[in-house]
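Listed below in C-alpha cells is the structure:
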C-alpha cells in the first residue's frame, strides 16, 4: 500500500464521455476533482472515426470530441492522472483508491466511469494471435491491413460501421453474420450503405469456430448454422465486434451491487448500493449506451455527488465542532412515526432548554451511519458529545418519558 498522497472531494475512475462530463460538472461546482484513467482520455470513443448523433455537431471524430470534453474540464481546474485503479475501499466515510503505480488517494465521493471492453469469443487462435492479425479496434489497426483480406465478426452498429471503415484500407472485407440473408443488427442507414459497398461481402447464417495461423493470421474456420458444414477462408486479419463487457473486475471485492455480467446497479441519481459511490456510462445497468447518454449520466452523478458532499460537510461541521450535544435522529422518511417523533423531539428540546443539535439521518441514504451505530429499527436516537456516543434509545411518543430520556 502506498501512502495517501492527496485528498479530494471527488474522484472519477475513468475518462470517457461519462467521466469527463462528471468532471466538468464537478469542477464547475468547485469540488476538488481528480480523474484517474488507465489509458488515453476519451476511452473507446477515441476509436470512433465519425460521430454524427451528438447534439450540436453534424459530424465530429471521437478523439476531437473527447479532446473538447477534457479541455472543458481542465478549464474548471480538474486534475488528470494516467494510472490504473487496482483496489478500492468504498465502505469508509473517506473512500480510498489505490493505483497500479502504488499511489493512494482519498475522496468524499467516487464516480465509477470505467466503461467497457470488447468481449472475447475465446475460440481457438483468438488469444494466441491477438496483435498478429486479431484485432478489436478498426480505427487503431485498420491501416495495418492495406490491400489485404479482412474478416469482420458481428453485425451490430459497431461491426458494420467499423467494417466500412476497414474497406478504406483492405482490398476486401468479409462479414460473418449469424442471421438470414439481408438481416443485420445495425441501424438501417449503415445496413444499406454496407450492402452497397463493393468491397464488402457477407456470409450469412454462419459463425466463426477458429482463427487459423501459426505466427500470424492466415485464415478462419467458419460453420454454417443451417447445414452444419464448415469451410476455411484465407485472410490476413480478423476483427471481432461481438459485444462489450463492463470493466469492473477491479471492484469484485467492493460490495457494490452488480448484475450477473458485472454491470453496476444504480438508480436515477446514479447512486449505487454504497453511500457516496456513483456509477455512470457503459459500466452501469442501462438501456442506451451512447456518448450522449453517457454525458447525461456523468452530469447527473456529479450534481448528486455535489449535494452529498455538501450534506457530508455540514454533518461533519455540526457533529465535530459543535459545543452542544448532538442528537442523531435516524428516520425513515416514508414512515409516519418518524415525522411525529421528530416534531415531539424538537418540542421537548425547546421546553427543557436542552440545547441539543438535532441532525436527521435518513436511513435510505445514510447507510454508513446506520451500520456504524448498528441501528436496527427507526425512529431511533443516538446521543453524541464531542462526536462520542453517550447513549442510544428508540422512539417514544410519550412526552414525559422522552423528557426523562433526554435529561
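Numbering (this note's numbering), first residue to last: 4 to 410. All residues carry an ideal CB built from backbone N, CA and C; glycine is no exception. For clarity, every value in this text was computed on a predicted model and none was experimentally measured.
- If you draw a 10 Å sphere on the C-beta of residue 287, you find 16 or more other C-beta atoms in it, and that means buried.
- Pairing residue 235 with residue 216 gives a Cβ-Cβ distance that is not under 8 Å.
- The beta-carbon separation of residue 49 and residue 17, rounded to 13 Å, does not stay under the 8 Å limit for a contact.
- Between residue 226 and residue 204, the beta carbon gap of about 18 Å keeps them out of contact (Cβ cut-off 8 Å).
- With contacts defined as CB atoms closer than 8 Å, residue 302 and residue 24 qualify as a contacting pair.
- In the three-state DSSP reduction, residue 181 falls in the coil class, being neither helix nor strand.
- Secondary structure of residue 139 (DSSP, three-state): coil.
- Residue state for residue 377 is assigned as coil, using DSSP reduced to three classes.
- The way I'd put it, the stretch 341-352 doesn't touch the stretch 283-297; fewer than three beta-carbon pairs between them come closer than 8 Å.
- Counting along the chain, no beta strand (DSSP E) covers residue 261, and no H or E run does either.
- DSSP assignment within the stretch 102-139 yields the following whole beta strand (DSSP E) runs of 3 residues or more, N-terminal first: 107-115, 119-121.
- In this structure the stretch 331-338 lies against the stretch 361-377, because at least three pairs of beta carbons, one per stretch, are closer than 8 Å.
- Rounded to whole angstroms, residue 37 and residue 82 show a C-alpha spacing of 5 Å.
- Per DSSP, the unbroken beta strand (DSSP E) holding residue 249 starts and ends at 247-249.
- Three or more Cβ pairs closer than 8 Å define a contact, and the stretch 272-287 meets that threshold against the stretch 105-120.
- DSSP places residue 192 within a helical segment (H, G or I) once states are collapsed to three.
- Residue environment analysis places residue 337 among the exposed positions, since fewer than 16 neighbouring C-beta atoms fall within 10 angstroms of its C-beta.
- For residue 351, the uninterrupted alpha helix (DSSP H) segment begins and ends at 339-354.
- Assignment of residue 297 by DSSP, reduced to helix, strand and coil, places it in the helix class.
- In terms of Cα proximity to residue 394, the closest of 402, 404, 383 is 383.
- CA-to-CA, the gap between residue 231 and residue 209 works out to about 9 Å.
- Put simply, the backbone Cα of residue 124 is about 38 Å away from that of residue 95.
- Counting other Cβ atoms within 10 Å of its Cβ, residue 127 stays below 16 and is therefore classed as exposed.
- Rounded to whole angstroms, the separation of the alpha carbons of residue 104 and residue 189 is 40 Å.
- One thing to note: residue 176 has its Cβ no nearer than 8 Å to the Cβ of residue 199.
- When DSSP reads this structure, residue 40 sits in a beta bridge with 85.
- Within a 10 Å sphere around the beta-carbon of residue 396 sit fewer than 16 other beta-carbons, which makes this residue exposed.
- The way I'd put it, the stretch 258-269 doesn't touch the stretch 150-168; fewer than three beta-carbon pairs between them come closer than 8 Å.
- Nearest C-alpha to residue 115 among 277, 139, 66: 277.
- Taking C-beta atoms under 8 Å as the contact rule, residue 106 and residue 86 qualify, at a distance of about 7 Å.
- Counting only residues of its own chain and dropping the five nearest sequence neighbours on each side, residue 245 has a CB closer than 7 Å to the CB of 122, 124, 156, 157.
- The beta-carbon distance between residue 279 and residue 111, rounded to whole angstroms, is 7 Å. This is short enough to meet the 8 Å contact definition.
- Annotation: residue 366 to residue 373 spans about 6 Å, alpha carbon to alpha carbon.
- If you ignore the 5 residues before and after residue 269, its C-beta comes within less than 6 Å of the C-beta of 275, 282, 287, all in its own chain and listed in chain order.
- Collapsing the DSSP output to three states places residue 326 in coil.
- For residue 203, the enclosing beta strand (DSSP E) begins and ends at 203-206.
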